[in-house]
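Take a look at the structure below.
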Amino acid sequence: MKEMDDMNYSSKQGESRLKAMLMVVVGGGIISLLLCWAITANFNRLHETALWFKSKAELKATAQRIGLEKIGNYQQAVEKELQTLDKKLDAFQPVGTYIIINTAGNDFILMQEGKAIREGMCSTGSYTVLKGNDKQQWTFKTPRGMFKILNKIKDPVWKKPDWAFVEEGMKVPSANHPSRYEYGVLGDYAMALGQGYLIHGTLYKRYLGMPVTHGCVRMGDEDLEAVFKALKIGSKVYIY
Amino acid sequence: MNTNQFSNPEQTRANKPLNQTGQETSSGGASGMFSQLRNMKLLLAVVVFALPIALIVFSIIIPVVRYKPMPWSGIKQTETASASISLSSEQKAILKKVIELENEKAYRNNRLELANHDSIYLVLDLADRVVNLEIKGVTVRSNKIVDMVVSNRFGLISHESLLPWITEPFTLEHAISTIPKSPIVIKQAPKDTIEAAKTATTPEPPKVTAVYFTFYFDRNLVLEFEQKDAPNEEALDEIKAYRAQKKKENSKSLLRTLKSASEPDQPMTIKLIVNEADAKAIYRAVPTKTRLALKL
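Structure follows, in structure tokens:
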């Protein structure tokens, strides 16, 4: 009887030990994986921090390359090269008045000789993709980059492109159909940037500062007049 | 039969064999339990810490010990300076000035090269703490850096290794962000004027966003941009998704480190804190393969 008790005892003890071990392995394994995940997620930061004991960079290699005895002459030569580079970079600066248009913030800055002379709100492309019923598609975004004022127009007339009809659920008329011409919707002035893009006025002044156009740049009346007067044909327009 | 021996230590003690010195053997009793507990603790410690410690050793400690102070493995290792050169403080000052001039020269050369192209590009001047957008050599937006964190690696790498790294503009390889590059809205054309009138909507102000993005350039340069102000609650989901993506990038870095026999490139990271409007303007303006002129 006593022997059986002992056997029972040791088998139960073995069982409970196994259970405990299993719990330790599973529980510990989970904690271990969590720790590994934390290390992995913060790997770059940990790597960075571990660099603290490395010695800082020294100047000796630079001294050896240039030669200590030549360093004065070398400095002068580099300074001269910098002056030349500066002149080359200056050649890129626009002469006269130019305008910078920000499509992310829908604002503009009119510049003269590198200084801002007028700032204001405008509206640029809405980033709407209009899908026509006959697989045609138009993306209403303002192009970015450097442009030039190609033409200046007073009292512009809008010749509606195809998308203007498609957008309103209308049939697209022939190229020179009278229904294509709208008067007074572009404000008092317009400046052409090429490929059909214009800087012009708007009837929807409450939307200035918002991206709502079909790609053109819209301005309020006073800003438009000032910009029209300041910019000449050939003036640069930077859109970003 | 005693079925409750575990809960009766006295009985357990009575049933246990004794060794020669009269002490209980390790198969049971208080000390047996204690040693069992100790073994379990040891096992737990091994299970919990073995893998993380191995991970730290193989992915961080060994690579850091082996770390060669180079910004990118594609750069030729410069000859190490002979230890015999000793520099006076005056010479050191001149050398620092020359280093500054050489960095400036590399930066201006890069700007000149980029100005000859039509694309919008980035110009990062760490010395003056500005990040600019330029088109054809003209600064169209100058963004003040409110705060920045530069990788410790910049301090460890000699000018001789950094100079060849910055002599050419960097090219953007990929980016992750909390905001879309172009906030495109797809609209199906209405069938007729009645449908057009029904679907007509008034434009709404842009959605509230939090602007966080990371640019991964070639030659190991990583630029992180974060908006200065605390993000709006509406944008928290985007931030979570962005951080998850960043963790993924971290995991990739770690796997690369574990896989490679020699120490792989670690990112040369610069974190820039800027205003939200500046960050948004930068992210939206630059092309997907934009280039960067960096001034250290």
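Chains as they are written, first to last, in this note's numbering: chain Y, 1 to 240; chain V, 1001 to 1296. For each residue, glycine too, the CB sits at the ideal point set by N, CA and C.
Per DSSP, the bridge partner or partners of residue i
| i | result |
| --- | --- |
| K1144 of chain V | V:V1130 |
| Q1227 of chain V | V:V1274 |
| A164 of chain Y | Answer is none; A164 of chain Y lacks a bridge partner. |
| H200 of chain Y | Y:A190 and Y:R218 |
| A1124 of chain V | Looking at the sequence shown, residue 1124 of chain V is not Ala but Leu. Answer is V:V1131 and V:L1294, bridged to L1124 of chain V. |
| F1215 of chain V | V:A1175 and V:L1223 |
| V1150 of chain V | V:I1270 |
| I30 of chain Y | In the DSSP output, where bridge partners are listed per residue, I30 of chain Y has none listed. |
| M111 of chain Y | Y:Y98 and Y:A116 |
| Y238 of chain Y | Y:I100 and Y:M146 |
| K952 of chain V | The first residue shown for chain V is 1001 and the last is 1296, placing residue 952 of chain V beyond what the model contains. |
| Y181 of chain Y | Y:K159 |
Residue i CB to nearest heavy atom of the ligand MN below 7 Å
| i | result |
| --- | --- |
| D6 of chain Y | In the structure on display, the ligand MN does not appear, and there are no ligands present to speak of. |
Helix, strand or coil at residue i according to DSSP, with G and I counted as helix
| i | result |
| --- | --- |
| T1012 of chain V | Residue placement at T1012 of chain V cannot be trusted, given a pLDDT of 46 that sits under 50; what the coordinates show is reported in the next sentence. Note: T1012 of chain V maps to helix in three-state DSSP. |
| L150 of chain Y | coil |
| W1165 of chain V | helix |
| M121 of chain Y | strand |
| Q93 of chain Y | coil |
| T1209 of chain V | coil |
| K1105 of chain V | helix |
| W37 of chain Y | helix |
| N1232 of chain V | coil |
| W1072 of chain V | coil |
| N1116 of chain V | coil |
| I233 of chain Y | coil |
| T49 of chain Y | helix |
| K58 of chain Y | With the sequence shown as reference, residue 58 of chain Y is identified as Glu, and Lys is not the correct amino acid for it. E58 of chain Y falls in the coil class under three-state DSSP. |
| L130 of chain Y | strand |
| G145 of chain Y | strand |
| E1204 of chain V | coil |
| Y1067 of chain V | coil |
| K159 of chain Y | strand |
| Q1245 of chain V | helix |
| A1286 of chain V | It is Val, not Ala, that sits at residue 1286 of chain V in the sequence shown. V1286 of chain V falls in the coil class under three-state DSSP. |
| Q137 of chain Y | strand |
| V1138 of chain V | strand |
Rounded distance between the beta-carbons of residue j and residue i, thought under 8 Å
| i | j | result |
| --- | --- | --- |
| E1113 of chain V | V1123 of chain V | That belief does not hold up - the Cβ atoms of E1113 of chain V and V1123 of chain V are roughly 12 Å apart, past 8 Å. |
| K987 of chain V | Y1067 of chain V | With chain V covering only 1001 through 1296, there is no way to say anything about residue 987 of chain V. |
| N1152 of chain V | W52 of chain Y | 7 Å |
| M191 of chain Y | F228 of chain Y | 7 Å |
| Y189 of chain Y | I153 of chain Y | 7 Å |
| V1098 of chain V | V78 of chain Y | 7 Å |
| M210 of chain Y | P1203 of chain V | 6 Å |
| K1136 of chain V | M146 of chain Y | 5 Å |
| G187 of chain Y | G201 of chain Y | 1 Å |
| V1131 of chain V | I1282 of chain V | 7 Å |
Cβ pair residue i, residue j closer than 8 Å
| i | j | result |
| --- | --- | --- |
| L1087 of chain V | L59 of chain Y | yes |
| G194 of chain Y | L208 of chain Y | no |
| S1161 of chain V | P1287 of chain V | no |
| L1095 of chain V | T62 of chain Y | yes |
| G125 of chain Y | T213 of chain Y | yes |
| V85 of chain Y | N1109 of chain V | Before going on, a small fix: residue 85 of chain Y reads as Leu here, not Val. Yes, these two residues count as a Cβ contact at 8 Å. |
| A1277 of chain V | G105 of chain Y | yes |
| Y240 of chain Y | T103 of chain Y | yes |
| L1156 of chain V | K115 of chain Y | no |
| E168 of chain Y | L130 of chain Y | no |
| L1163 of chain V | V24 of chain Y | no |
| I1062 of chain V | D1147 of chain V | no |
| K135 of chain Y | G234 of chain Y | no |
| T1171 of chain V | K1289 of chain V | yes |
| R1111 of chain V | L82 of chain Y | no |
| G29 of chain Y | V1057 of chain V | no |
| L1051 of chain V | S32 of chain Y | yes |
| E1173 of chain V | Y1216 of chain V | yes |
| V1138 of chain V | F92 of chain Y | yes |
| A1285 of chain V | R144 of chain Y | yes |
| S1073 of chain V | F43 of chain Y | no |
| E1238 of chain V | K1271 of chain V | no |
| L1126 of chain V | V1150 of chain V | yes |
Just checking, does the segment 1180-1188 of chain V make contact with the segment 1221-1240 of chain V on the three C-beta pairs under 8 Å criterion?
no
The segment 1207-1224 of chain V contacting the segment 1166-1178 of chain V, beta-carbon criterion three pairs below 8 Å
yes
Should the segment 1216-1223 of chain V be regarded as contacting the segment 1264-1273 of chain V, the criterion being three or more beta carbon pairs within less than 8 Å?
yes
So, do the segment 172-190 of chain Y and the segment 154-164 of chain Y have three or more beta carbon pairs nearer to each other than 8 Å?
yes
Pair every Cβ in the segment 1192-1200 of chain V with every Cβ in the segment 1126-1142 of chain V, then say whether three or more of these pairs are closer than 8 Å.
no
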